[in-house]
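Reviewing the structure listed below.
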Amino acid sequence: MSSVTSSANTRSSNTQASQASSALDYDVVIVGAGFAGLTAVHRMRELGFSARLYEAGKDVGGTWYWNRYPGLKVDIESVEYSLSFSYVIEQEWTWSERYPAPDELCRYANFVADRLDLRRDIQLDSRIDVAEFDERANLWVLQNSQGETVRSRFVIMATGMLNQPIKPSFKGLDSFQGQQYHSARWPRDGVDLSGQRVGVIGTGSSGVQIISTIASEVGHLHVFQRTPGYCLPLRNHPMPEEYSTRVKANYAQWRAAERYNSFGGWVALNYEIGEPVTGSALDATPEELQALFDERWKSGGLSFYNIYPDVYTDLEANEILAVYLRGKIRERIKDPKLADILTPKYPVLTKRLIADTNYYEVYERDNVSLVDLSEHGIDEITPKGVRVGDTEYEFDALVFATGFDALIGSLKAMDVRGRKGITFAEHWEDGARTHMGLMSAGFPNLFIINAAGSPAPLFAPVILGQEQIEWVGRLMLKLNERELDCIETTSKAEDHWGGLCEEAVSATLFPLTESWYVGKNVPGKSRTGLAYFGGMDNYRKFMTEAEVSGYEKDFVLSAAPLAATG
Ligand code: NA7
Numbered sequence: 173m174s175s176v177t178s179s180a181n182t183r184s185s186n187t188q189a190s191q192a193s194s195a196l197d198y199d200v201v202i203v204g205a206g207f208a209g210l211t212a213v214h215r216m217r218e219l220g221f222s223a224r225l226y227e228a229g230k231d232v233g234g235t236w237y238w239n240r241y242p243g244l245k246v247d248i249e250s251v252e253y254s255l256s257f258s259y260v261i262e263q264e265w266t267w268s269e270r271y272p273a274p275d276e277l278c279r280y281a282n283f284v285a286d287r288l289d290l291r292r293d294i295q296l297d298s299r300i301d302v303a304e305f306d307e308r309a310n311l312w313v314l315q316n317s318q319g320e321t322v323r324s325r326f327v328i329m330a331t332g333m334l335n336q337p338i339k340p341s342f343k344g345l346d347s348f349q350g351q352q353y354h355s356a357r358w359p360r361d362g363v364d365l366s367g368q369r370v371g372v373i374g375t376g377s378s379g380v381q382i383i384s385t386i387a388s389e390v391g392h393l394h395v396f397q398r399t400p401g402y403c404l405p406l407r408n409h410p411m412p413e414e415y416s417t418r419v420k421a422n423y424a425q426w427r428a429a430e431r432y433n434s435f436g437g438w439v440a441l442n443y444e445i446g447e448p449v450t451g452s453a454l455d456a457t458p459e460e461l462q463a464l465f466d467e468r469w470k471s472g473g474l475s476f477y478n479i480y481p482d483v484y485t486d487l488e489a490n491e492i493l494a495v496y497l498r499g500k501i502r503e504r505i506k507d508p509k510l511a512d513i514l515t516p517k518y519p520v521l522t523k524r525l526i527a528d529t530n531y532y533e534v535y536e537r538d539n540v541s542l543v544d545l546s547e548h549g550i551d552e553i554t555p556k557g558v559r560v561g562d563t564e565y566e567f568d569a570l571v572f573a574t575g576f577d578a579l580i581g582s583l584k585a586m587d588v589r590g591r592k593g594i595t596f597a598e599h600w601e602d603g604a605r606t607h608m609g610l611m612s613a614g615f616p617n618l619f620i621i622n623a624a625g626s627p628a629p630l631f632a633p634v635i636l637g638q639e640q641i642e643w644v645g646r647l648m649l650k651l652n653e654r655e656l657d658c659i660e661t662t663s664k665a666e667d668h669w670g671g672l673c674e675e676a677v678s679a680t681l682f683p684l685t686e687s688w689y690v691g692k693n694v695p696g697k698s699r700t701g702l703a704y705f706g707g708m709d710n711y712r713k714f715m716t717e718a719e720v721s722g723y724e725k726d727f728v729l730s731a732a733p734l735a736a737t738g
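Using my numbering, read the sequence shown as starting at 173 and increasing by one per residue.
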């Protein structure tokens with residue numbers, strides 16, 4: 173184990189070109205090499221902090237390193253779903269498709285790591301097994317899967333909001349004798365499903381993309397659907413050169429539009445920057461509604477998120493859009509009985525929209541069957557397959573597209589011990605507790621990116637992560653300027669933030685639907701403090717207020733003398 177000499181070394185290293193006390197001591201350890209992690213390495217380096225990033229995967233890319241299922245496409249345009257802090261990256265990288273696939277996203281992450289020379293501060297294939305706060309030394313002591321121990325003053329958890337896959341605890345789950353796959357942990361070398369009898373459980377974004385892609389390859393496919401989604405065409409295709417050139421020439425304008433759009437993305441509407449929609453759906457004329465909806469339908473992807481604000485808060489307004497989209501779904505399904513089962517009834521947008529490619533058309537195939545679980549769920553997984561009521565469906569392979577323990581799962585699964593050895597699993601036992609989705613009480617100098625308590629579910633995580641990391645960087649500089657060692661939030665601040673989160677989500681229609689947005693996809697999971705649904709503008713105000721007030725409210729700053737350890 174390395175020893176730490178004094179706080180002064182780490183405190184001043186941003187002005188003295190990274191004077192970490194030994195090769196294994198850093199101002200900041202960053203966990204996770206997704207877009208947020210890469211951003212953090214770059215930013216910390218710009219500010220003069222010594223940083224080391226640890227990544228469990230063998231390559232950079234984060235979510236897109238792990239998520240490799242067939243047909244995966246990100247449903248946000250590639251020109252938007254990309255990092256905006258580097259002009260060089262923006263100009264030198266050209267996307268090949270309107271919507272990126274994981275391979276291209278990983279190539280992009282590699283390009284960023286190489287072009288910005290980030291690799292020398294990144295350690296791949298290295299999982300952080302334990303992170304423990306040393307209360308005597310005001311330092312984090314972290315152990316990685318290679319058996320190394322490193323000490324850092326700060327920790328940035330860039331571990332992603334949709335990273336901890338879940339499988340429902342079906343009776344007999346382990347008895348199945350065929351192959352089992354989870355959408356989020358697809359074998360990197362792919363799976364040959366040709367001619368096989370395959371069952372897919374789950375029809376969220378992952379299930380829909382998998383089903384549409386494997387239907388033509390498998391012998392027979394059974395789709396187990398509990399709740400149908402609102403699927404609308406992604407309309408992916410090769411990137412038009414003219415569009416790419418135009419965006420690059422005006423990237424600052426595009427980025428500003430993204431940032432200040434309430435959803436942080438989805439600004440492209442038929443390849444133009446769309447204006448945010450204001451006013452009420454209830455005040456619009458039928459002609460205005462039709463024109464707006466048709467324009468979005470033609471544009472594809474998730475452009476329907478840019479809609480009258482009251483669609484999110486008022487059932488009557490919501491129903492106007494829901495009726496339109498249900499009609500579009502029914503137009504795509506020939507069999508009216510099938511259309512009944514595949515058409516969603518819940519308020520639109522309260523579960524994530526699904527951008528599909530020929531999904532409903534798949535059900536015209538003779539080798540695809542839909543099993544409706546809305547009245548009667550799966551009773552058990554058997555050695556041969558899946559039993560629903562009296563029917564046993566036999567499979568060679570089962571695909572679980574059953575989602576994630578969103579927003580809190582990654583940190584709860586890690587052995588991160590704050591003050592008094594308390595872990596996130598313990599601290600968040602009854603629900604997520606954060607202040608502004610950035611810090612948790614009892615975890616000093618540890619920052620959480622794009623996770624619990626933040627607006628991440630409804631705002632582009634790439635942009636949010638960047639803004640959070642910039643906020644954290646400025647905070648670290650301020651601590652140094654004021655010769656302080658430590659910042660932490662309080663239980664009272666967490667209560668207050670949890671209350672604000674609850675107030676914001678209660679003002680919307682989201683709680684009416686069982687989705688990961690509100691934690692209802694995991695039995696017993698609380699929605700308290702899970703995410704901030706009050707809008708990015710308001711979230712920014714909280715971040716700014718904290719900063720301009722010198723972190724006096726809702727944080728505790730300290731300059732405790734450090735005891736030498738090691
Ligand atoms: P989602 O959107 O959480 O979808 C999970 C799916 O799994 C959904 O259709 C669930 O049905 C279904 N599910 C979960 N448990 C069961 C059980 N017990 N029985 C049957 N079906 C079940 O995860 P995805 O991976 O598709 O997408 C996650 C996000 O990634 C997505 O929103 C985008 O942001 C990208 P339910 O709807 O709960 O009835």
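Built from N, CA and C at the ideal position, the CB exists for glycine as well.
Cβ-heavy atom distance, residue i to ligand 1, below 6 angstroms
i	result
Arg524	yes
Trp643	no
Asn693	yes
Trp688	yes
Gly374	yes
Thr574	yes
Arg398	yes
Ser377	yes
Leu334	yes
Pro516	no
Ile550	yes
Pro340	yes
Cβ-Cβ separation, residue j to residue i (assumed contact under 8 angstroms), whole Å
i	j	result
Asp551	Ile338	Asp551 to Ile338, Cβ: 19 angstroms. No contact.
Val534	Ile373	Not confirmed; about 16 angstroms, so no contact.
Leu579	Ala623	5 angstroms
Leu702	Val690	7 angstroms
Arg325	Leu311	6 angstroms
Collapsed DSSP secondary structure at residue i in the structure displayed
i	result
Ser178	Any answer about Ser178 is weak, because its pLDDT of 33 lies below 50 and its placement is not dependable; what the coordinates show is given next. If DSSP states are grouped into helix, strand and coil, Ser178 belongs with coil.
Val439	coil
Arg183	Residue placement at Arg183 is flagged as unreliable, the pLDDT there being 43, under the threshold of 50; the coordinate-derived value follows with that caveat. Correct three-state label for Arg183: helix.
Trp312	strand
Pro400	coil
Tyr518	coil
Thr586	For clarity, residue 586 is Met in the given sequence; the question names Thr instead. Reduced to three states, the DSSP call for Met586 is coil.
Ser663	helix
Met611	strand
Ser678	helix
Thr450	coil
Tyr198	strand
Arg646	helix
Gly379	helix
Ser347	helix
Cα-Cα separation between residue i and residue j, rounded to whole angstroms
i	j	result
Val251	Leu277	12 angstroms
Lys692	Ala573	16 angstroms
Thr514	Gly614	Looking at the sequence shown, residue 514 is not Thr but Leu. Cα-Cα distance, rounded: 46 angstroms.
Gln351	Leu542	21 angstroms
Leu525	Glu655	48 angstroms
Val439	Thr522	20 angstroms
His354	Ser434	32 angstroms
Val390	Arg279	29 angstroms
Ile594	Arg498	48 angstroms
Val201	Ala285	17 angstroms
Thr235	Thr457	42 angstroms
Trp600	Lys584	8 angstroms
Leu493	Gly376	20 angstroms
Cys658	Ser317	27 angstroms
Tyr518	Arg502	15 angstroms
Any non-hydrogen atom of ligand 3 closer than 6 angstroms to residue i Cβ
i	result
Lys230	Within the structure as shown, ligand 3 is missing, the only ligands being ligand 1.
Practice task
Decide yes or no for the touch test of the region 446-456 against the region 470-489: beta carbon pairs closer than 8 angstroms, at least 3 of them.
Solution key: Counting C-beta pairs with one atom in each stretch, the region 446-456 and the region 470-489 have three or more that are closer than 8 angstroms, which means they touch.
Problem - Stretch pair the region 656-673 + the region 604-621: three plus CB contacts closer than 8 angstroms - result: yes
Exercise for the section: Kindly confirm or deny that the region 333-350 and the region 265-281 touch, where touching means at least three C-beta pairs closer than 8 angstroms. Expected result: No, they do not touch.
Problem - Inter-stretch contact at 8 angstroms, needing at least 3 Cβ pairs: the region 390-406 / the region 546-562 - result: Output reads yes: the region 546-562 touches the region 390-406.
Exercise for the section: Please determine if the region 402-411 and the region 459-478 are in contact, where contact requires at least 3 C-beta pairs separated by less than 8 angstroms. Expected result: yes
Handout entry: Inter-stretch contact at 8 angstroms, needing at least 3 Cβ pairs: the region 212-222 / the region 339-347
Key = no
Handout entry: Cβ contact check for the region 625-640 and the region 706-724: 3 or more pairs under 8 angstroms
Key = Yes, they touch.
Problem - Cβ contact check for the region 412-426 and the region 244-264: 3 or more pairs under 8 angstroms - result: Judged by pairs of C-beta atoms under 8 angstroms, the region 412-426 touches the region 244-264, as three or more such pairs exist.
Problem - Touch test, the region 296-311 against the region 221-231, Cβ-Cβ under 8 angstroms, three pairs minimum - result: yes
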